[in-house]
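In the order they appear, the protein sequences are chains C and W. Numbered by this note's numbering, the letters in the first sequence go through residues 253 to 410 in order. Numbered by this note's numbering, the letters in the second sequence go through residues 253 to 410 in order.
2 protein chains.
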Amino acid sequence: MTTTLQPRWLDADQQRIWRSFLNGVARINERLEAELRCFGLDLGEYEILVHLSESPDRSLRMSDLADRVRQSRSRLTHTVARMETKGLVSRMACPSDRRGVIALMTTRGSELLVEAAPAHVESVRRALVDPVDPDDFAALGRAMDAVTGVPGATGVQD
Amino acid sequence: MTTTLQPRWLDADQQRIWRSFLNGVARINERLEAELRCFGLDLGEYEILVHLSESPDRSLRMSDLADRVRQSRSRLTHTVARMETKGLVSRMACPSDRRGVIALMTTRGSELLVEAAPAHVESVRRALVDPVDPDDFAALGRAMDAVTGVPGATGVQD
DNA sequence: AAGTTGTTGTTGAACCGTAAACTTCTTTGC
DNA sequence: GCAAAGAAGTTTACGGTTCAACAACAACTT
Numbered sequence: 253m254t255t256t257l258q259p260r261w262l263d264a265d266q267q268r269i270w271r272s273f274l275n276g277v278a279r280i281n282e283r284l285e286a287e288l289r290c291f292g293l294d295l296g297e298y299e300i301l302v303h304l305s306e307s308p309d310r311s312l313r314m315s316d317l318a319d320r321v322r323q324s325r326s327r328l329t330h331t332v333a334r335m336e337t338k339g340l341v342s343r344m345a346c347p348s349d350r351r352g353v354i355a356l357m358t359t360r361g362s363e364l365l366v367e368a369a370p371a372h373v374e375s376v377r378r379a380l381v382d383p384v385d386p387d388d389f390a391a392l393g394r395a396m397d398a399v400t401g402v403p404g405a406t407g408v409q410d
Numbered sequence: 253m254t255t256t257l258q259p260r261w262l263d264a265d266q267q268r269i270w271r272s273f274l275n276g277v278a279r280i281n282e283r284l285e286a287e288l289r290c291f292g293l294d295l296g297e298y299e300i301l302v303h304l305s306e307s308p309d310r311s312l313r314m315s316d317l318a319d320r321v322r323q324s325r326s327r328l329t330h331t332v333a334r335m336e337t338k339g340l341v342s343r344m345a346c347p348s349d350r351r352g353v354i355a356l357m358t359t360r361g362s363e364l365l366v367e368a369a370p371a372h373v374e375s376v377r378r379a380l381v382d383p384v385d386p387d388d389f390a391a392l393g394r395a396m397d398a399v400t401g402v403p404g405a406t407g408v409q410d
């Protein structure tokens with residue numbers, strides 16, 4: 253037989269919270285995407301620009317960038333290709349590894365990020381930060397860190 | 253001039269939490285999708301089956317269903333059409349409103365849900381419920397309710 | 001040093017979601 | 001009653017994501 257033990261169903265509270273989570277995430281995404289569309293960007297492209305802007309020389313190896321923005325390599329290739337035609341990024345060969353490709357943000361990309369960032373941050377505030385109680389917001393951070401396995405201070409403060 | 257006041261940037265903590273959120277959500281989605289793929293479903297299809305199974309006669313108006321699973325009407329039409337070819341749902345005319353279409357779950361759809369549900373619930377536990385501290389999990393629920401504007405008990409308990 | 005294995009990044013096809021136009025029907029207001 | 005406005009679903013075209021196969025290179029292995 254396969255390992256089909258009795259399923260540990262969620263209790264009523266857990267199920268309510270789980271559905272609240274699904275609803276909340278969907279709502280947040282809707283708002284952020286809608287807002288970024290005014291700048292001709294989606295969340296994936298925006299994140300690419302953010303991570304490039306935070307890196308030395310505004311550049312990052314494709315595989316490194318893919319990990320940071322949680323996109324598959326294939327998806328990143330396609331997305332960066334599109335952004336390249338828009339003049340937001342460009343690509344060059346990696347000097348240290350001839351397999352590698354380095355994506356770098358253009359001046360135009362940088363300018364678009366500077367333009368879009370304030371509105372985006374305001375969206376994040378309106379959609380999440382402002383409506384949520386600060387203690388709950390901190391708990392949200394701990395919860396998501398636990399999900400991704402970030403060590404986090406589980407013990408007592410000293 | 254446009255209303256470009258000084259942007260209220262996120263402070264270091266808020267930004268860390270926001271990124272934890274993005275990472276956590278992505279991780280949870282990955283796991284749930286990967287698990288459901290074993291049953292030939294994605295999260296959108298699974299949710300359709302769940303909501304149909306909870307409704308009288310295992311049936312729901314398309315627009316009603318669309319609201320519950322947070323899909324656009326267009327998307328739902330496509331998804332249900334696909335599921336219909338798989339034999340998981342079927343469609344019939346709505347008796348009370350001749351514009352309406354009623355989606356209903358087939359026996360096959362019901363059987364697939366019964367088969368997939370335990371594994372899915374286990375995924376939700378492993379990805380979210382189990383790793384997160386119970387108090388933080390409750391706070392997560394309150395936070396997401398605040399995001400979607402669910403009234404919620406903000407005051408003191410009586 | 002040659003062969004194996006793993007990594008990096010791209011390609012093209014299939015698939016899915018989005019957006020806008022459109023049909024049919026209901027509801028509203030005069 | 002009738003025209004206008006609105007709602008329910010579908011359709012089509014387009015764009016983006018996924019998936020599997022692939023080419024080029026690096027890193028081990030012996």
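The C-beta atom is built at its ideal place from N, Cα and C for all residues, glycine as well.
Residues near S411 of chain W by beta carbon distance below 7 Å, same chain, minus five either side: Absent from the structure is residue 411 of chain W, since the part of chain W shown begins at 253 and ends at 410.
Contacts that T400 of chain C makes with chain W (C-beta to C-beta distance below 8 Å): Translated into positions along the first sequence, residue 400 of chain C becomes position 148. Under the 8 Å cutoff, chain W gives S272, N275, G276 and R279.
Interface flag, G393 of chain W vs chain C, CB-CB below 8 Å: Translated into the one-based positions of the second sequence, residue 393 of chain W becomes position 141. With 8 Å as the cut-off, G393 of chain W counts as an interface residue toward chain C.
Of the listed residues W:S362, W:G404 and W:L380, nearest to Y298 of chain W (C-alpha basis): Taking the second sequence and counting its residues from 1, one reaches residue 298 of chain W at position 46. When only C-alpha atoms are compared, the closest one is W:S362.
D265 of chain W CB to nearest heavy atom of the ligand COA below 7 Å: Ligands in the displayed structure: none, and consequently the ligand COA is not present.
Which of helix, strand or coil DSSP assigns to R313 of chain C: Against the first sequence, residue 313 of chain C aligns to sequence position 61. Strand.
Secondary structure of S272 of chain W, DSSP reduced to three states: Taking the first residue of the second sequence as 1, we reach residue 272 of chain W at position 20. Three-state result, S272 of chain W: helix.
Cβ of A368 of chain C within 8 Å of any chain W Cβ: On the first sequence, residue 368 of chain C is found 116 positions in, with the first residue counted as 1. Using a CB distance cut-off of 8 Å, A368 of chain C does not count as an interface residue toward chain W.
Beta-carbon contacts of E287 of chain C that lie in its chain and below 7 Å, excluding the five residues immediately before and after: Start at 1 with the first residue of the first sequence, and residue 287 of chain C comes out as number 35. Closer than 7 Å at Cβ, skipping near neighbours: A371, H372 and S375.
Proximity winner among C:V384, C:A368, C:C346 and C:P386, relative to L301 of chain C (alpha-carbon distances): Position 49 of the first sequence holds residue 301 of chain C. Closest by C-alpha distance to L301 of chain C, out of C:V384, C:A368, C:C346 and C:P386, is C:A368.
Beta carbon proximity, D387 of chain W to chain C, threshold 8 Å: Position 135 of the second sequence holds residue 387 of chain W. Answer yes: the Cβ-Cβ gap between D387 of chain W and chain C drops below 8 Å somewhere.
Proximity of R313 of chain C and G339 of chain C at Cβ, strictly below 8 Å: Within the first sequence, numbered from 1, the residue matching residue 313 of chain C stands at position 61. Within the first sequence, numbered from 1, the residue matching residue 339 of chain C stands at position 87. Going by C-beta atoms, R313 of chain C is not nearer than 8 Å to G339 of chain C.
Beta-carbon proximity of I269 of chain C to G393 of chain W, cut-off 8 Å: Sequence index remark: in the first sequence, residue 269 of chain C carries index 17 (1-based). Sequence index remark: in the second sequence, residue 393 of chain W carries index 141 (1-based). Annotated as proximal: I269 of chain C and G393 of chain W, with beta-carbon spacing under 8 Å.
Proximity test, Cβ basis, 8 Å: I300 of chain C and chain W: Looking up residue 300 of chain C in the first sequence gives position 48. It does not; no Cβ of chain W falls within 8 Å.
Closest by C-alpha distance to L262 of chain W, when choosing among C:V399, C:G401 and C:F389: Within the second sequence, numbered from 1, the residue matching residue 262 of chain W stands at position 10. By alpha-carbon distance to L262 of chain W, the top candidate from C:V399, C:G401 and C:F389 is C:F389.
Cβ separation of A379 of chain W and R283 of chain W, assumed to be a contact under 8 Å, to the nearest whole Å: Within the second sequence, the letter at position 127 stands for residue 379 of chain W. Within the second sequence, the letter at position 31 stands for residue 283 of chain W. So it is a contact: roughly 4 Å between Cβ atoms.
Partners in chain W for L312 of chain C, counting only beta-carbon separations shorter than 8 Å: Residue 312 of chain C sits at position 60 when you count from the first residue of the first sequence. Ordered by position in chain W, no residue passes the 8 Å Cβ test against L312 of chain C, which lies about 16 Å from the chain.
Near-chain W residues of the stretch 312-345 of chain C - C-beta to any C-beta below 7 Å: For the stretch 312-345 of chain C, the beta-carbon criterion of a distance under 7 Å to any beta-carbon of chain W is satisfied by R322.
Bridge partners - S342 of chain C, DSSP secondary structure assignment: The residue you call residue 342 of chain C lines up with position 90 of the first sequence. Per DSSP, C:L356.
Buried or exposed by the 16-neighbour rule on C-beta atoms within 10 Å, applied to W344 of chain W: Within the second sequence, residue 344 of chain W is the residue found at index 92, counting from 1. Here residue 344 of chain W is Met; the residue named in the question, Trp, does not match the sequence. Taking all protein chains shown into account, M344 of chain W has fewer than 16 neighbouring C-beta atoms within 10 Å of its C-beta and is therefore exposed.
Close beta carbons around S311 of chain C, own chain, < 7 Å, minus the five adjacent residues each side: As a position in the first sequence, residue 311 of chain C is number 59, starting the count at 1. Excluding its 5 nearest sequence neighbours in each direction, S311 of chain C has C-beta neighbours in its own chain below 7 Å: L304, I354, A355 and L356, listed in chain order.
Euclidean distance between Cα positions of S272 of chain C and S307 of chain W: As a first step, residue 272 of chain C is located in the first sequence; it is residue number 20 there, counting from the start. As a first step, residue 307 of chain W is located in the second sequence; it is residue number 55 there, counting from the start. Approximately 19 Å between the Cα atoms of the pair.
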